[in-house]
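In my numbering, the protein residues as written are 11 to 238.
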Ligand SMILES: [Ca+2]
């Protein structure tokens with residue numbers, strides 16, 4: 011499926027099974043909207059996007075727009091949702107697959123209240139001024155790679171130490187990590203060549219609660235518990 015420039019596709023309460031040879035591409039100038047009927051994430055009337063295709067690609071290209079809410083994304087293989095656009099909002103949705111990467115490259119997009127229930131999830135962000143808020147990640151990491159002004163807030167990340175880290179800031183400036191709950195990771199928070207304000211976060215049962223390398227980290231009102 012391909013949404014081209016000037017095209018607008020809205021899916022409401024739609025089940026979309028991607029065939030063996032299918033991909034979903036939203037091209038520059040296109041808009042894709044995936045949502046439910048009543049705006050309530052608990053009512054199960056959102057969309058289901060699923061695929062059993064091994065090399066499935068779901069890509070929102072730069073200068074496209076993408077809104078997803080109250081819906082489910084299910085894959086039976088590893089999966090990458092690549093969002094290269096500034097105009098992207100993903101809210102109250104669930105992702106499940108073998109291993110997922112949600113890759114966000116544009117400036118200013120928002121990821122709010124999603125659940126990632128995968129074998130391993132990487133929520134990777136490049137660019138500026140993103141808000142990654144209220145997500146639940148079991149087995150995975152939130153990586154902020156470069157950029158400035160990004161906010162990572164009120165997320166819950168639980169890992170199987172020593173398999174992975176919780177929050178990673180890599181060459182990322184003026185970054186805020188607020189109200190996150192990170193447990194059972196190798197590094198709960200790792201800052202490399204970054205400036206990060208860490209506020210009201212809880213790090214528990216990690217190998218190391220926090221690592222700051224070539225970085226300025228200001229931790230305020232945080233709790234470090236039972237990190238070995
Ligand atoms: Ca609903």
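Quick reminder that beta carbons are idealized off the backbone N, C-alpha and C, glycines included.
Opening and closing residue of the beta strand (DSSP E) in which residue i lies
i: residue 45; result: 41-45
i: residue 70; result: 67-70
i: residue 219; result: 218-223
i: residue 229; result: 226-230
i: residue 24; result: Premise fails: residue 24 is in no beta strand (DSSP E) and is neither H nor E.
i: residue 233; result: 233-235
i: residue 214; result: 212-214
CB of residue i within 8 Å of CB of residue j, strictly
i: residue 162; j: residue 187; result: yes
i: residue 134; j: residue 155; result: yes
i: residue 199; j: residue 180; result: no
i: residue 125; j: residue 142; result: no
i: residue 8; j: residue 167; result: An answer regarding residue 8 cannot be provided, because it is not within the stretch 11 to 238 covered by the chain.
i: residue 206; j: residue 227; result: yes
i: residue 68; j: residue 34; result: yes
i: residue 237; j: residue 217; result: yes
i: residue 119; j: residue 81; result: no
i: residue 170; j: residue 145; result: no
i: residue 46; j: residue 22; result: yes
i: residue 165; j: residue 147; result: yes
i: residue 71; j: residue 91; result: no
CB contact check: residue i to chain C, cutoff 8 Å
i: residue 207; result: Going by chain labels, chain C is absent from the structure shown, which holds only one protein chain.
**Prompt:** In chain order, which beta strand (DSSP E) runs of at least 3 residues are fully inside the region 145-206?
**Reply:** 146-155, 161-163, 166-168, 177-180, 185-188, 191-193 and 197-202
**Request:** Please confirm if the region 36-43 is in contact with the region 56-65, defined as three or more CB-CB distances below 8 Å between the two stretches.
**Result:** no
**Message:** Just to confirm the assignment: which complete alpha helix (DSSP H) runs, minimum length 4, are found wholly within the region 59-137?
**Reply:** none
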